[in-house]
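Comments concern the structure below.
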């Protein structure tokens with residue numbers, strides 16, 4: 778007896794439990810999607826868009842962590858804390874100074890999950906909040922404890938352009954009301970994609 782029908786049914790049922798993505802914005806060539814996971818108080822946010830640069834140019838911008846102060850919005854400090862497996866696994870610390878709220882910082886463990894060969898496949902970096910080997914929390918800076926996300930880069934037009942997906946699920950924490958945090962995430966995610974697009978275009 779084949780197990781394939783049973784496996785297919787289980788996968789279908791598992792997908793049915795997940796909330797559907799809904800488009801919440803589309804502007805400047807960027808589409809923003811959001812959904813709230815079951816039991817969650819803030820939304821998962823995903824932005825997609827076509828970049829006029831090859832995947833490796835976009836990849837270099839994303840992986841240039843120590844220069845996020847120059848490329849990413851509201852970034853006060855950025856540094857690689859540690860690196861393993863020839864850069865495949867990185868612990869990264871960042872301090873963000875957004876308007877009207879206290880400074881936030883986060884420490885994430887980033888893993889290179891790319892499947893790329895001879896200009897084909899995809900480039901992907903994914904992260905979760907780091908718990909080991911992290912810098913101590915600072916007075917006056919709120920440590921973000923929930924931070925999960927990824928960048929996915931796929932070639933388009935024979936590798937001359939890149940279809941980019943930026944996904945983020947985070948809660949800024951502190952005393953910020955959840956509805957404000959949710960709205961801020963839906964704004965900041967496309968802003969980050971836009972900043973990467975600009976920096977990658979400048980490398981051409």
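Residue numbers (the working numbering): 778 to 981.
Yeah, the Cβ is synthetic: ideal placement off N, Cα and C, and Gly gets one too.
Nearest-angstrom beta carbon gap, residue 937 and residue 796 [assumed within contact, 8 Å]: Not a contact, Cβ separation roughly 35 Å.
Quick check: is any heavy atom of the ligand GTP less than 7 Å from the C-beta of residue 920? Of ligands this structure carries none, so the ligand GTP is not represented either.
Name the residue from 934, 802, 887, 928 whose alpha carbon lies nearest to the alpha carbon of residue 982. Nothing can be reported for residue 982, as the shown portion of the chain is limited to 778 through 981.
Could you give the distance in angstroms between the alpha-carbon of residue 803 and the alpha-carbon of residue 959? 17 Å
In chain order, each beta strand (DSSP E) run of at least 3 residues that lies wholly inside the segment 843–899: 852–861, 866–873, 880–889, 892–894
Leaving out five residues on either side along the sequence, give the residues of the same chain with a beta carbon under 7 Å from the beta carbon of residue 977. 828, 830, 834, 835, 838
Is it right to say residue 866 is buried, meaning 16 or more other beta carbons lie within 10 angstroms of its own, or is it exposed? exposed
Tell me the DSSP secondary structure of residue 941 in three-state form. strand
Taking the C-alpha atoms as reference points, what is the distance between residue 855 and residue 929? 21 Å
Whether residue 868 touches residue 880 by CB criterion (8 Å): no
Tell me whether the beta-carbon of residue 970 lies closer than 8 Å to the beta-carbon of residue 826. yes
Using 8 Å as the threshold, is the C-beta distance between residue 963 and residue 822 below it? yes
Using the rule of at least 16 other Cβ atoms within 10 Å of the residue's Cβ for burial, across every protein chain shown, is residue 924 buried or exposed? buried
For residue 932, count neighbouring Cβ atoms within 10 angstroms of its own Cβ and tell me buried if that reaches 16, exposed if not. buried
Mark residue 974 as exposed unless 16 or more other C-beta atoms lie within 10 angstroms of its C-beta, in which case mark it buried. buried
According to DSSP, simplified to helix, strand and coil, what is residue 956? helix
Excluding the five sequence neighbours on either side, which residues of its own chain have a C-beta within less than 6 Å of the C-beta of residue 889, listed in chain order? 865, 902
Please report the residue range of the beta strand (DSSP E) in which residue 809 lies. 807–812
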